[in-house]
Amino acid sequence: MNDCCYNPNEKMLTTDEAIQFLLERSKVTEQVETIKILDALDRVLAQSITSTLNVPPLDNSAMDGYVTRFSDLNSDGETTLAISQRIAAGYVGDKLEEGTAARIFTGAPVPEGADTIIMQEQCQQQDDTVVISGKINKGDHIRRAGEDIVQGSEVMSIGQKLRPQDMGLIASVGIDEIKVFKNITVAIFSTGDELLMPGEAVRPGKIYNSNRYTLTGMLQKVGCDIIDLGCIPDDLDATVTAMEKAAEQADLIMTTGGVSVGEEDYIKIAIDKLGSIEMWRVAMKPGKPVAFGEVSKTPFIGLPGNPVSVFVTFCLFARPVIRTMQGCSEVLPRKMQVTSGFDWARKGPRREFVRGQLVMDEQGQQRAQTYSSQSSGVLTSTTWAQGLIEIPENTSFEKGAVINWLDFSELFS
Ligand code: AMP
Ligand code: MG
189 MNDCCYNPNE KMLTTDEAIQ FLLERSKVTE QVETIKILDA LDRVLAQSIT STLNVPPLDN
249 SAMDGYVTRF SDLNSDGETT LAISQRIAAG YVGDKLEEGT AARIFTGAPV PEGADTIIMQ
309 EQCQQQDDTV VISGKINKGD HIRRAGEDIV QGSEVMSIGQ KLRPQDMGLI ASVGIDEIKV
369 FKNITVAIFS TGDELLMPGE AVRPGKIYNS NRYTLTGMLQ KVGCDIIDLG CIPDDLDATV
429 TAMEKAAEQA DLIMTTGGVS VGEEDYIKIA IDKLGSIEMW RVAMKPGKPV AFGEVSKTPF
489 IGLPGNPVSV FVTFCLFARP VIRTMQGCSE VLPRKMQVTS GFDWARKGPR REFVRGQLVM
549 DEQGQQRAQT YSSQSSGVLT STTWAQGLIE IPENTSFEKG AVINWLDFSE LFS
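233 is the number that our numbering gives to position 45 of the sequence shown; each next residue is one higher, with no gaps.
Next comes the structure, spelled out in structure tokens:
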């Protein structure tokens, strides 16, 4: 990307201003569908979930053993009690007769009158009696009704993206169908006369289109349906046609390349014809040119062409827009703090997103390390890395400093 190609009147925004701008203009799709919980992984709840019952529903045993009244146990030494009943998980026993114990199994309801469970390791059964010994406290090994979920409480709120444990929790309150936001469809295309598709023969002056694949993978990771309009040459008519097609079919349009104002960049001119576009140079590295606009009411995000810039600007700008459209309540990635394993002397006016790894040093301390090349064309930096180190504007630091870390697991969760 050559700085000489920029229009000096273009806005220069900080990373935070660019994110803020995008979030203010992004809206949830609002289209909802009802699905089975088994299909709900990674979907976003369009309703809150309130439990109509206590979980567990009754006091029950946390152990295989015997259940009795604490007052029927001798305070020291052994106690011998008659076994008056047997209660397995799934069955409700009778009221416990005084001076007796009941055989009980994990998950079985505690019978009326009983208050203490003794695990079977402390019990010896002899015909119809049990000899109980060892230290016992009143109330031992009872899982209380409602200790997990209290009837009437909200267990999940609108906007939650469902993980496996969330699916289980919804099932545990007896619900089998839920309302979720519909998946959003993203139309993508890459631009550039220089692009070859993998599988095609190498030709002079051409490079393989990697952005299409990185972008597809990232969109799949964040749960979008994709319409792939392929590779569009550096040509105004072709760009306009592709944009129109994309706007008809998708909830969001995303492109790579052609987004600055060089002679071979047609994205801005095409969208100026069809809708509206804002172009910025974001004060960040890598990245810089990013565009946001609308084509026939369909939002548009134009990512840069350089492969690492595509990766980083997707994570920082496109992902929060997508999360907002999907109805997620958490749209920004959580940053972690890690210890730097390197000195950073180069203070710069742009925020840097350096590709890094977390490694153990000789003392067993975790330290962030950087990839040898941070050029925006070196895609290997992204495959080596486990996350992005965020280095604020005008900052230098020494090894051992606490720095911000954006883990890829967080960015693609
Ligand atoms: P542009 O923003 O179109 O000027 O592209 C900037 C740089 O990224 C140029 O070196 C392009 O060749 C490269 N580039 C653009 N699109 C792709 C792509 N889909 N795959 C790989 N490199 C690309
Ligand atoms: Mg180009």
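Note that beta-carbon positions come from the ideal geometry of N, C-alpha and C, so glycine has one too.
Query: What are the start and end residues of the alpha helix (DSSP H) that includes residue 405?; Result: 399-409
Query: Identify whether residue 359 lies in helix, strand or coil by the three-state DSSP scheme.; Result: helix
Query: Would you report the Cα separation of residue 364 and residue 352, rounded to the nearest angstrom?; Result: 14 Å
Query: According to DSSP, residue 140 sits in a beta bridge with which residue or residues?; Result: Residue 140 cannot be examined here, being either before or after the span of the chain that is shown, 189 to 601.
Query: Please work out which residues of its chain come closer than 7 Å, Cβ to Cβ, to residue 402, disregarding the five sequence neighbours upstream and downstream, and give them in chain order.; Result: 495, 498 and 499
Query: How about residue 173: is its Cβ closer than 7 Å to a heavy atom in ligand 1?; Result: Absent from the model: residue 173. The displayed extent of the chain is 189 to 601, so no value can be given.
Query: Could you name the residues that DSSP lists as bridge partners for residue 487?; Result: 482
Query: Looking at residue 430: is its Cβ nearer than 8 Å to the Cβ of residue 488?; Result: no
Query: Could you spell out the range, first to last residue, of the alpha helix (DSSP H) harbouring residue 433?; Result: 424-437
Query: DSSP has residue 248 in a bridge; who is on the other side?; Result: 297 and 331
Query: Run the proximity test for residue 417: is its beta-carbon closer than 7 Å to any non-hydrogen atom belonging to ligand 1?; Result: no
Query: Which of the three DSSP states is assigned to residue 587 in this structure?; Result: coil
Query: Using 10 angstroms around the beta-carbon of residue 453, count the other beta-carbons present and answer buried if the total reaches 16, otherwise exposed.; Result: buried
Query: Out of 390, 272, 574 and 521, state which residue places its alpha-carbon closest to the alpha-carbon of residue 157.; Result: With the chain represented from 189 up to 601, any question about residue 157 goes unanswered, as that position is not in the structure.
Query: For the beta strand (DSSP E) holding residue 578, just list the boundary residues, first then last.; Result: 575-579
Query: Which residue's Cα is closest to the Cα of residue 254: 230, 319 and 373?; Result: 319
Query: With a threshold of 8 Å on Cβ separation, who are the neighbours of residue 518 within its own chain once the five nearest residues in sequence on each side are excluded?; Result: 347, 349 and 511
Query: Does the distance from the CB of residue 458 to the CB of residue 427 come in under 8 Å?; Result: yes
Query: Within 10 angstroms of its Cβ, does residue 316 collect 16 or more other Cβ (buried), or is it exposed?; Result: exposed
Query: Measuring CA to CA, which of 529, 476 and 559 is closest to residue 206?; Result: 476
Query: Give me, in chain order, the residues of the same chain whose beta-carbon lies closer than 7 Å to that of residue 282; leave out the 5 immediate sequence neighbours on both sides.; Result: 273 and 299
Query: Whole-angstrom Cβ separation of residue 289 and residue 275, contact assumed at under 8 Å?; Result: In fact, because the Cβ distance is near 11 Å, the residues do not count as touching under 8 Å.
Query: Here's the rule I'm using: 16 or more other beta-carbon atoms within 10 Å means buried, otherwise exposed. How should residue 481 be labelled?; Result: buried
Query: Would the beta-carbon of residue 455 fall within 8 Å of that of residue 479?; Result: yes
Query: Figure out for me which residue from 259, 409, 432 and 223 has the closest Cα to the Cα of residue 461.; Result: 432
Query: Could you work out which residue in 382, 544 and 231 is closest to residue 408 when comparing CA atoms only?; Result: 231
Query: Would you call the CB atoms of residue 237 and residue 343 closer than 8 Å?; Result: yes
Query: Specify the secondary structure class of residue 528 as computed by DSSP and reduced to three states.; Result: strand
Query: My assumption, with CB atoms under 8 Å, is that residue 258 sits in contact with residue 323. Please give the rounded CB distance.; Result: No, residue 258 and residue 323 are not in contact; Cβ-Cβ is about 12 Å, not under 8 Å.
Query: How do the stretch 553-560 and the stretch 569-581 stand: do at least 3 beta-carbon pairs fall below 8 Å, yes or no?; Result: yes
Query: In angstroms with no decimal places, state the Cα-to-Cα distance between residue 189 and residue 591.; Result: For residue 189, the pLDDT reaches just 38, beneath the cut-off of 50, and the residue's location in the model is therefore unreliable, leaving the point undetermined.
Query: Mapping the DSSP letters down to three states, classify residue 394 as helix, strand or coil.; Result: coil
Query: Measuring alpha carbon to alpha carbon, tell me which of 508, 256, 411 and 565 ends up nearest residue 522.; Result: 508
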